[in-house]
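First to last, the sequence lines map onto chains A and B.
All residue numbers for the first sequence refer to this note's numbering, where the first residue is 281 and numbers rise by one.
All residue numbers for the second sequence refer to this note's numbering, where the first residue is 71 and numbers rise by one.
C-beta: ideal position from N, C-alpha, C; glycine also.
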Amino acid sequence: MSLFLIAALPFLGAVFPALLIRAGRNACSSAAGAVTLLALVGVLLHAPEVFRGETVTARAPWLPQLGMNANFFMDGLGFFFATMILGIGLLIIIYARHYLSREDPMGNFYTYLLLFQGAMVGIVLSDNILLLVVFWELTSLSSFLLIGYWRHLPAGRQGARMALAVTGGGGLALIGGMLLLGHAAGSYDLTTILERKDQIQASPLYVPALILILLGCFTKSAQFPFHFWLPHAMAAPTPVSAYLHSATMVKAGLFLMARLWPVLSGTDIWFYIVASIGMITMVLGAVIALFKDDLKALLAFSTVSHLGLITLLLGLGTEEAAMAAVFHIMNHATFKAALFMTAGIVDHEAHTRDIKRLGGLRVLMPVTFVLATVASLSMAGIPPLNGFLSKELMLDAAAHTIWNGSEWLFPVLATVGALFSAAYSFRYVVHTFLGPVRDDYPHKPHDPGIGMWLSPAILVLLVVAIGLFPEALAGEIVRTVTDAVIGGHGHYHELKIWHGVNTALIMSGIATVGGLILLALHRPLDVAWLAAPRPEAKVIFDACIGALIRAARAVTDTLHDGALSRYAAIFTLFTVGLGVYAFSTGEIGEATRPMNRIEVLPLIVWFCLIGATACVVAFHRYRVIALVIMAIIGLVVTLGFNYFSAPDLALTQLSVEVVTIILLLLALNFMPKRTPIESSPGRRLRDAVLSIGAGVGVGLLLYAILTRDFAFPSISEYHLANSYKGGGGHNVVNVILVDFRGFDTFGEIIVLGIAAVVIFALTEAILRTSVRAKLLNRKPDWPVAGDSHPLMMVVVTRLMMPVALMVAAYIFFRGHNEPGGGFIAGLIAAIAIVMQYMASGFSWAAARQHFPYHGIIGSGVLVAAVTGMGAWLNDKPFLTSDYGYIHIPGLEKFEWATAALFDVGVFLAVVGAVLLALESLSRYAWRPNTDSPYPMDINPARDDPRGGRED
Amino acid sequence: MAQIADYLTAVFLVIGGFFGVVGSFGLIKLGDSMSRLHAPTKATTLGVGGVLITSLLHSYAIEGYLSVHELMITLFLFLTAPITALFIAKAHIHRHREDYDLPETGDDTCWAVLEKEEVVAEPLSDSLEDMKPTE
């Protein structure tokens, strides 16, 4: 099966549970299971190649310019992890089917789970480090959904947020590290990078890249000091914990360290950072785990401890240690997933996970007892279980490690870690299952159905089998995977239980005996532990996040305090500052263009503009007057565009001007007609200085630009030359909009549509609050006209509507070759309809408008998108346009470009957006009892000319 | 023939220009809004009309084709000018309704231009005050 398909299957399959939940819980879980099984089979089919030492690849360019490609490869390491992710995923899916209760939305659960699984499979199969980062972020996001699955629980939400903040923050560091690494290696392809060890380690970027990548790995794998998120993520349903914290999420960090082991390891800095952090995490996690009363918290800290163990092994940088790490990844996944599931069973049956309320379950839940015991003995490192084998290898590796000249530090710490590890493992069994049967369980426990214990049973079988026959079952795969980790062929010892009496065995013995002693002393130790002051991670984390939020808020509130004048002042000041900086550091060339002669007519119009601007300043407290003067400025600008041969701009400006004025008038309807004086003289002086400075600066800049030739060749020549040849239109402006920069336009119409929908949404939201009552009780500050909808206006707008629409059509169709186009046509059509609203009132017009504006916006975007996709049928990139000529008898031959169809999309989006915005604003003014069945207030042709308004 | 056309265009151009000046002058000269409303009517009808006729004649007799843009412009002017005048007058009466002694309508309803009878429910509170920004 192609690697593309394997990586895509979970994502594609994620749709099925969400849909099939309607067909029942079994259908839902079977779909999820089937998808996972299919992907697993796909991976396993590649087993022969992988065991021969070959790599399976699948490559496709994605963004080759950025070095980002959808390249996948599977060697031993990828195969091992993919099998683990999908295999344990399958067991989790079976288990979760029986674990989740009827109230839990199971469709969501499996969808999230498959998304997460897909992201994990993507990480382990990526052959491109940028692609890997993408999947990495996807795991952070999907794990957020999984951890916060029980969204009614505050702990779940907080845990999910914490996990997202920590792993997402680490992801940011990882992106930086990966970019540096790719830069140092000269390639973003993993296979290439893995061959360039010397080049990378000689690069000055090696240390920053290493630290950033390790930050990503340590946050993901919950290494000290980022270990705190993992226990809080235990608020998730147990299947999630079992999946995320045994086989997948936290192993992603380990995977990445193993993946990059050939290029990053082998240096002192790698050893001292990775091995030390691993050691600290292992010991710390083990010690805390012993004193946790919550079964899942105990397991969470034990996971932290074991992850530290594996990190330690990877940090040592030797082949044997790498092999031990691989072996322990496998063993940990088996026993830890089983343990989480048994903890879930206990919780499910006894309705508590508090060890202090449990005990004696051995009699009540024999099956669970056996499974949990075997798994935890493996975790404790008791022969002949698989945990013993890898722990032995770890102790052996630690025993031969010299840390900063000290021969005894690592062996002793490793023994202490193993000792506490044994202690909490024993405690898990002894305090939960052994002891007398109690009569105060929250719920009378008994063994669950086979559905729930089948999955842990399979894993426990593996635990025992690997422990008994390590070489036969796991030897081959561990060696293949280790070869992939170290990027060569290593010489390894056989995996076997009995190595003779050596240092490791003695350390192991000390650990086991010490563990039993610790367990016996647990009660006094526990009291001492609880009495001792210790930092609470969540409090520190919350304080840090709180401080961050306060800092961010302080900055934001200073810059954006809601006063428009302040934003404008900051923005203007900044821009002026940039201009001054550019002017004082750059240099300005000689003027190369002569001034145009000043004509009389433009001069007069220019004086109008200056006069109008001055009037706005003088009269800005009278809002309606200011609006009228602004309209004059708009018209002058339009004339200016036209005078300087920009008819397209002039047309657009004119129609935008009309729409803007109407919008502002609508808004003014709700505001006092005069602005009070709000700012102090000092502030007004500041504003005056700022605005005059900015205005003069912009004027000088424009003057400088216009009197000089472009410093670089401008793109206009290209557009002029290719407009007809490439885009099939003579109107370069329109061809740029719909063809050369069609993708921009596509984005813009979407933004326009979103803006309109947001205005609508805000209106809806505001009108549901008490504002509505205020609006309804509003007393107009000016007498209302007797005939708001006068006969003359109504009749004329009716007459004008078809004319205006015809003009819109005309402007639209000629747009490709002459000034015009979909945008302007859309505005004109919108104005034609707005006229009806204005003439006959909102309610009357709205009652006769049968197409919802949302739909018009949506259809516009869809039409544009479908037109763009049409290019794919011709194997051209999105939005490539084509054109041809059409002959219709009776008409001249005319040209028809696909760009025109795209323009239809623009047209519809503009019409919908403008009208939706205007309609939303009009809704504020709506009042009861003002709806009239008549288009005009007074119609002399009616029997009752005033239309029965009196009631 | 061309000579006649030349003379005709010249005459209409002068007429148009003259009434344009008259209209603009009146706009400045006349005292109040109601009187001032009359001035632009000269400019829009006779003034612009003269120029349009000139344009028609010019294109037909001298350029040699019939242009219909001018008819469209006339149509739009005839449509928009009355509406503008109506709204200006309405607004003016509204603002100065105390100054005018409007005759009785001969009906029990008041003048259409003035405010309609109260159809809005009694206000519960003076909400405009509440809606002002608090800054």
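Closer than 8 Å is the cut-off here; do at least three beta carbon pairs connect the segment 464 to 472 of chain A with the segment 395 to 413 of chain A? yes
First and last residue of the uninterrupted alpha helix (DSSP H) at A298/A: As a first step, residue 298/A must be located in the first sequence, where it is residue number 18. Here the alpha helix (DSSP H) through A298/A covers V295 to L300.
Proximal residues to D76/B (C-beta, below 6 Å), its chain only, five neighbours per side dropped: By one-based count along the second sequence, residue 76/B stands at place 6. Correct list: empty, nothing qualifies.
Assuming contact is defined by CB atoms lying nearer than 8 Å, are F1020/A and G1033/A in contact in what I supplied? What you label residue 1020/A is simply residue 740 of the first sequence in a count that begins at 1. What you label residue 1033/A is simply residue 753 of the first sequence in a count that begins at 1. It is not a contact, given that the beta carbons lie outside the stated cut-off.
Using 10 angstroms around the beta-carbon of A678/A, count the other beta-carbons present and answer buried if the total reaches 16, otherwise exposed. Reading the first sequence from its first residue, position 398 is the one you call residue 678/A. Buried.
Please check the pair L421/A and V520/A, which I expect to be a contact at CB under 8 Å, by giving their CB distance rounded to whole angstroms. Reading the first sequence from its first residue, position 141 is the one you call residue 421/A. Reading the first sequence from its first residue, position 240 is the one you call residue 520/A. About 14 Å separates the two Cβ atoms, so there is no contact after all.
Own chain partners of L78/B with C-beta closer than 7 Å, once the 5 adjacent residues on each side are dropped: Position 8 of the second sequence holds residue 78/B. The answer, listed in chain order, is L127.
Hey, could you find the ends of the alpha helix (DSSP H) M1118/A is sitting in? Residue mapping note: residue 1118/A aligns to position 838 of the first sequence, counting from 1. It spans G1102 to S1120 - the alpha helix (DSSP H) in which M1118/A sits, taken as one unbroken run.
Determine, using beta carbons only, whether L370/A and F291/A come nearer to each other than 8 Å. If you number the first sequence from 1, residue 370/A lands on position 90. If you number the first sequence from 1, residue 291/A lands on position 11. Their beta carbons are not under 8 Å apart, which means L370/A does not touch F291/A by this criterion.
Under 8 Å: do the segment 376 to 393 of chain A and the segment 442 to 450 of chain A share three or more Cβ pairs, one atom per stretch? no
Is there a Cβ of chain C sitting closer than 8 Å to that of V908/A, yes or no? Annotation note: the requested chain C is absent from the structure, which comprises protein chains A and B.
Straight-line Cα distance separating E629/A from P728/A: Indexing the first sequence from 1 puts residue 728/A at position 448. Indexing the first sequence from 1 puts residue 629/A at position 349. P728/A and E629/A: Cα-Cα distance of roughly 7 Å.
Contact set for S125/B: own chain, Cβ-Cβ below 6 Å, skip 5 residues either direction: Here residue 125/B corresponds to residue number 55 of the second sequence, with the count starting at 1. Here the set comprises E140.
Check the Cβ of D1067/A against every Cβ in chain B and list those closer than 9 Å, keeping chain order. Translated into the one-based positions of the first sequence, residue 1067/A becomes position 787. Those within 9 Å of D1067/A in chain B are K160, A182, V183 and K186.
Tell me which same chain residues have a C-beta within less than 6 Å of the C-beta of A399/A, skipping the five on either side of it? Along the first sequence, one-based indexing puts residue 399/A at 119. The residues are F415, L418, T419 and S422.
Please say whether R901/A and R964/A have beta carbons closer to each other than 8 Å? To locate residue 964/A, count along the first sequence from 1; it is residue 684. To locate residue 901/A, count along the first sequence from 1; it is residue 621. Between R964/A and R901/A, the CB-CB gap reaches or exceeds 8 Å.
Applying a beta-carbon distance threshold of less than 8 Å, which residues of chain B neighbour I1218/A? Stepping through the first sequence from its first residue, residue 1218/A is reached at position 938. What I1218/A touches in chain B: A182.
I want to see whether chain B comes within less than 8 Å of V1076/A, judged by CB atoms only; does it? Sequence index remark: in the first sequence, residue 1076/A carries index 796 (1-based). Taking Cβ atoms only, chain B reaches closer than 8 Å to V1076/A, which makes this a yes.
Along the chain, where does the beta strand (DSSP E) that runs through V717/A open and close? Position 437 of the first sequence, counted from the start, is the residue given in the question as residue 717/A. For V717/A, there is no enclosing beta strand (DSSP E), since its DSSP letter is neither H nor E.
With the cut-off set at 8 Å, would you say I766/A and W509/A are in Cβ contact? On the first sequence, residue 766/A is found 486 positions in, with the first residue counted as 1. On the first sequence, residue 509/A is found 229 positions in, with the first residue counted as 1. In this structure, W509/A does not lie closer than 8 Å to I766/A by Cβ.
Distance between beta carbons of G1192/A and G1140/A, contact taken as under 8 Å: Taking the first sequence and counting its residues from 1, one reaches residue 1140/A at position 860. Taking the first sequence and counting its residues from 1, one reaches residue 1192/A at position 912. That belief holds up - the Cβ atoms of G1140/A and G1192/A are roughly 6 Å apart, short of 8 Å.
Cutoff 8 Å: P110/B Cβ touching any chain A Cβ: Within the second sequence, residue 110/B is the residue found at index 40, counting from 1. By this cut-off, P110/B is not an interface position.
What separation, rounded to the nearest whole angstrom, lies between the Cα atoms of A191/B and F950/A? Along the second sequence, one-based indexing puts residue 191/B at 121. Along the first sequence, one-based indexing puts residue 950/A at 670. Reliability of the predicted coordinates at A191/B is poor, the pLDDT of 40 falling under 50, and the value obtained from them is presented with this limitation in mind. Each residue's alpha carbon lies about 18 Å from the other.
Please check the pair L741/A and A754/A, which I expect to be a contact at CB under 8 Å, by giving their CB distance rounded to whole angstroms. Taking the first residue of the first sequence as 1, we reach residue 741/A at position 461. Taking the first residue of the first sequence as 1, we reach residue 754/A at position 474. That pair is no contact at about 14 Å.
Does DSSP classify G176/B as helix, strand or coil? Within the second sequence, the letter at position 106 stands for residue 176/B. Coil, per DSSP.
Pull out every residue of the segment 141 to 154 of chain B whose Cβ sits closer than 7 Å to any Cβ of chain A, in chain order. Those residues of the segment 141 to 154 of chain B that come within reach of chain A (Cβ to Cβ, closer than 7 Å) are L149, P152 and I153.
Taking the straight line between their C-alpha atoms, what separation do you get for M1118/A and D1211/A? Position 838 of the first sequence, counted from the first residue, corresponds to residue 1118/A. Position 931 of the first sequence, counted from the first residue, corresponds to residue 1211/A. Straight across, the Cα-Cα distance linking M1118/A with D1211/A is about 14 Å.
Top-ranked residue by Cα proximity to L946/A, from G977/A, R903/A, L1188/A and P1082/A: On the first sequence, residue 946/A is found 666 positions in, with the first residue counted as 1. Ranking the options by Cα distance to L946/A, first place goes to R903/A.
Is the beta carbon of A527/A closer than 8 Å to that of M364/A? The residue labelled residue 364/A in the question sits at position 84 within the first sequence. The residue labelled residue 527/A in the question sits at position 247 within the first sequence. Yes. Within cutoff.
Quick check: the Cα distance between G313/A and I368/A, rounded to an integer number of angstroms? Locating residue 313/A in the first sequence gives position 33, counting from the first residue. Locating residue 368/A in the first sequence gives position 88, counting from the first residue. Between G313/A and I368/A, the C-alpha separation is close to 11 Å.
Got a sec: which bits of the segment 1182 to 1195 of chain A sit with their beta carbon under 7 Å from any beta carbon on chain B, in order along the chain? For the segment 1182 to 1195 of chain A, which is checked against every Cβ of chain B, not one residue is closer than 7 Å.
Environment of V189/B [buried if 16+ CB atoms lie within 10 Å]: In the second sequence, the residue the question calls residue 189/B occupies position 119. For V189/B, the pLDDT reaches just 43, beneath the cut-off of 50, and the residue's location in the model is therefore unreliable, leaving the point undetermined.
Hey, would you say A350/A sits closer than 8 Å to L285/A, going by beta carbons? Mapped onto the first sequence, residue 350/A falls at position 70. Mapped onto the first sequence, residue 285/A falls at position 5. Going by C-beta atoms, A350/A is not nearer than 8 Å to L285/A.
Could you check which residue in V650/A, P344/A and E672/A has the C-alpha nearest to that of N611/A? For the purposes of this step, residue 611/A is taken as residue 331 along the first sequence, with counting starting at 1. Minimum Cα distance to N611/A is reached at E672/A.
Pull up the CB-CB distance for T712/A and I635/A, whole angstroms please, since I reckon it's below 8 Å. Working through the first sequence from its first residue, we reach residue 712/A at position 432. Working through the first sequence from its first residue, we reach residue 635/A at position 355. Contact between T712/A and I635/A holds: their C-beta atoms lie close to 6 Å from each other, under 8 Å.
Taking beta-carbon pairs under 8 Å, can you tell me which members of the segment 1073 to 1105 of chain A lie near chain B? M1073, V1076, L1079 and M1080
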